[in-house]
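Right, one structure below, let's go through it.
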Amino acid sequence: MKPNVIIINPQDNVAVALFDIPEGSPVLISGDLEFPALEDIPFSHKVAVKDIPAGKTVRKYGESIGCAGEDIRQGSWVHTHNLKTEGGRV
Amino acid sequence: MKGATFNGYIRPDGSVGIRNHVVVIPTVACANGVADMISRSVPGVVSLMHGHGCGRALEIPMHQRALAGLGENPNVAGALVIGLGCETLNAQLIASEIAQTGKPAEFLIIQEQGGSRKTAAQGIDIVQKMLETVRNMKRTPCSLDRIVLGLECGGSDAFSGITANPAAGLVSDWLVDRGGTVILTETTEMIGTGHILSRRAKDKDVADRIVQIIDQADKRTHDILGELASLVIAPGNMDGGMSSIQEKSLGCIIKAGSKTISEVVDYARAPSEKGLVIMDGPGYDIESLAGLAAAGCQLMLFTTGRGNPAGFPIVPVIKISSTTRLYKAMEDDIDINAGEVLEGKSLEDVSGRIRDCVMDVLNGEQTKAELNAQGGIVCLYAMTPAF
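Here the protein sequences line up with chains A and B, keeping their order. If you count the first sequence from 1, position 18 lands on 60 in the numbering used here, and the numbers rise without skipping. If you count the second sequence from 1, position 260 lands on 263 in the numbering used here, and the numbers rise without skipping.
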């Protein structure tokens with residue numbers, strides 16, 4: 043199966059959706075990791091590839107893009123509702 | 004991967020050109036017509052027309068440096084500066100700065116030569132003589148550590164930070180590992196990443212300067228635009244999945260790879276260090292290209308999501324599309340399709356194709372922008388209005 047997300051840096055705990063991924067359908071990373079999307083992930087948005095406990099760093103590009111505002115489970119959509127950003131500005 | 008040397012034109016100051024242009028540089032927009040008359044009369048001569056040179060007291064040093072820097076660019080083999088005579092920039096000074104590289108550089112003043120036709124006639128003689136010398140120059144093998152690569156992203160989309168920019172970033176790391184220089188600019192697009200970029204600085208001075216220029220860009224944008232700043236910095240970013248300005252900026256700076264930042268330079272200033280360098284400058288693509296060319300970049304990588312055909316008159320610009328959709332829509336303008344990452348190709352594969360393209364272009368192969376003669380006029384950055 044073709045991957046439907048991309049992890050930009052190996053240290054990242056979020057991946058970016060290459061297509062709209064409906065709730066319940068598999069998230070496929072380079073063919074070797076698969077788990078269900080817990081909610082709709084819109085294309086170009088982020089999905090957690092690991093459980094991220096509240097307060098822990100969310101990584102993309104190998105860098106912190108903020109910390110989890112709540113416990114984020116693998117397969118969850120990660121966006122402004124559950125991500126506390128350092129600058130706080132969008 | 005192809006070899007780590009390329010065939011270039013070695014200049015008297017040791018810099019290496021990948022093109023061999025004779026240029027006509029007007030000091031002021033009033034001299035554009037004469038510069039144009041000369042370049043239209045002599046095939047192979049490029050005129051670097053622009054809209055500045057007078058009426059902007061605060062930009063004199065920056066524009067003087069920028070025009071001299073364009074003449075000093077290693078891709079230039081000889082330069083003729085055309086002054087009007089009463090403008091604030093000084094043609095003789097620009098020509099003498101260019102001449103310090105050891106390349107032929109001359110100047111003519113329209114008001115002293117007796118008008119536009121007489122100046123053009125003299126100018127045509129001068130550039131024809133320069134061309135005769137230039138034609139005999141041969142490419143010789145040179146090391147990649149002579150290369151200064153400029154980075155630009157324009158018309159970004161949601162995929163720029165996933166495909167084209169990370170692939171370009173691997174190319175930036177590759178060149179820095181081989182002793183070359185890479186210049187990241189567009190300070191506006193670094194807003195929110197000062198703490199990240201400064202961690203990669205070679206020392207505290209560079210770190211402080213990185214934070215300072217990004218803070219200034221952030222403040223300037225908000226001082227001038229107020230609430231509208233968010234439209235300039237981040238249009239549609241949240242809908243596109245960006246959760247913060249910092250995340251959006253990370254997608255921009257990733258094109259500069261992951262290496263230590265060795266220096267911060269002002270707009271249009273040539274780096275004195277090798278490695279990864281940041282040039283303070285605007286987010287407007289075309290002013291960025293001019294600043295990078297004036298800083299001495301012989302080659303540029305330009306990633307684009309929406310599609311931008313622009314090149315630069317004396318510097319090859321390699322266009323990298325973020326999606327296959329854009330590549331197919333504007334194939335005549337795009338050199339490399341990084342959108343293949345979305346179809347399962349690895350970033351390493353795509354960056355390998357960019358590297359091969361870089362080597363070909365260094366050795367003389369023309370980019371799409373060159374084939375399309377997408378030189379256009381030179382747009383210089385200006386922070387103050389004309390008076």
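Backbone N, C-alpha and C fix where the C-beta goes; we use that ideal spot for every residue, glycine too.
Residues that residue i contacts on chain B, provided the C-beta gap is smaller than 8 angstroms
i, result
"L125/A", "S246 and S247"
"S67/A", "Result: empty, since nearest Cβ-Cβ is about 18 angstroms, beyond 8 angstroms."
"P84/A", "G244"
Contacts of residue i in chain A (Cβ-Cβ under 7 angstroms)
i, result
"I199/B", "E105"
"G54/B", "Chain A residues near G54/B: none, gap ~34 angstroms exceeds 7 angstroms."
"E250/B", "K102 and I107"
"P169/B", "I50"
"I257/B", "Y103"
CB contact flag (residue i, residue j, <8 angstroms)
i, j, result
"I323/B", "A82/B", "no"
"D16/B", "T136/B", "no"
"I83/A", "A59/A", "yes"
"N168/B", "C255/B", "yes"
"I13/B", "T143/B", "yes"
"H87/A", "G347/B", "no"
"A220/B", "I194/B", "yes"
"L302/B", "L152/B", "yes"
"I41/B", "G126/B", "yes"
"V209/B", "I257/B", "no"
"I85/B", "V37/B", "yes"
"V441/B", "V79/B", "Lying outside 4 to 390, the shown extent of chain B, residue 441/B is not represented and no answer is given."
Residue-chain proximity (residue i, chain B), Cβ-Cβ < 8 angstroms
i, result
"L75/A", "no"
"K88/A", "yes"
"P45/A", "yes"
"T99/A", "no"
"H121/A", "yes"
Candidates the options: closest to residue i by CA position
i, options, result
"D113/A", "G66/A, P64/A and K126/A", "K126/A"
"T387/B", "E192/B, C57/B and T190/B", "C57/B"
"R328/B", "V318/B, L345/B and R181/B", "L345/B"
"W119/A", "G104/A, A96/A, I48/A and A79/A", "A79/A"
"P64/B", "A102/B, T8/B and T30/B", "T30/B"
"I49/A", "D363/B, I380/B, S349/B and G378/B", "S349/B"
"E155/B", "E334/B, G286/B and A298/B", "G286/B"
"D62/A", "T99/A, P45/A, Q53/A and R101/A", "P45/A"
"S247/B", "G117/A, R115/A and R101/A", "R101/A"
"V25/B", "V174/B, I213/B and P77/B", "P77/B"
"G260/B", "G104/A, N124/A, V89/A and H123/A", "G104/A"
"T166/B", "E192/B, P46/B, Y330/B and Q131/B", "Y330/B"
Beta carbon proximity, residue i to chain A, threshold 8 angstroms
i, result
"M241/B", "yes"
"F315/B", "no"
"K5/B", "Unreliable positioning characterises K5/B in this predicted model, as indicated by a pLDDT of 43, which lies under 50. A coordinate reading is not provided."
"F162/B", "yes"
"L253/B", "yes"
"I281/B", "no"
"I3/B", "The structure shown does not extend to residue 3/B, since chain B spans only 4 to 390, so no value can be given for it."
"I339/B", "no"
"I3/B", "Only positions 4 to 390 of chain B appear in this structure, which leaves residue 3/B out of reach."
"G379/B", "no"
Alpha carbon of residue i to alpha carbon of residue j, nearest angstrom
i, j, result
"R358/B", "G74/B", "27 angstroms"
"V179/B", "G278/B", "5 angstroms"
"D128/B", "T188/B", "38 angstroms"
"A161/B", "T326/B", "10 angstroms"
"M4/B", "E368/B", "For M4/B, the predicted structure reports a pLDDT of 42, less than 50, and the residue's modelled location is therefore unreliable. The matter cannot be settled from this model."
"I199/B", "A102/B", "40 angstroms"
"G157/B", "A123/B", "36 angstroms"
"D114/B", "G308/B", "Checking the sequence shown, residue 114/B turns out to be Gln, not Asp. Answer to the nearest angstrom: the Cα atoms are 46 angstroms apart."
"I94/A", "F305/B", "35 angstroms"
"L70/A", "A108/B", "60 angstroms"
"L51/B", "A372/B", "16 angstroms"
"D176/B", "K262/B", "6 angstroms"
"G284/B", "V268/B", "9 angstroms"
"A298/B", "F9/B", "21 angstroms"
"D54/A", "T190/B", "25 angstroms"
"T224/B", "L111/B", "40 angstroms"
"K98/A", "S159/B", "30 angstroms"
"L383/B", "F85/A", "37 angstroms"
"H123/A", "V19/B", "52 angstroms"
"E62/B", "G294/B", "14 angstroms"
"P46/B", "N375/B", "16 angstroms"
"E100/B", "K121/B", "25 angstroms"
Chain-ordered neighbours of residue i on chain B, where CB pairs are closer than 7 angstroms
i, result
"L60/A", "L345"
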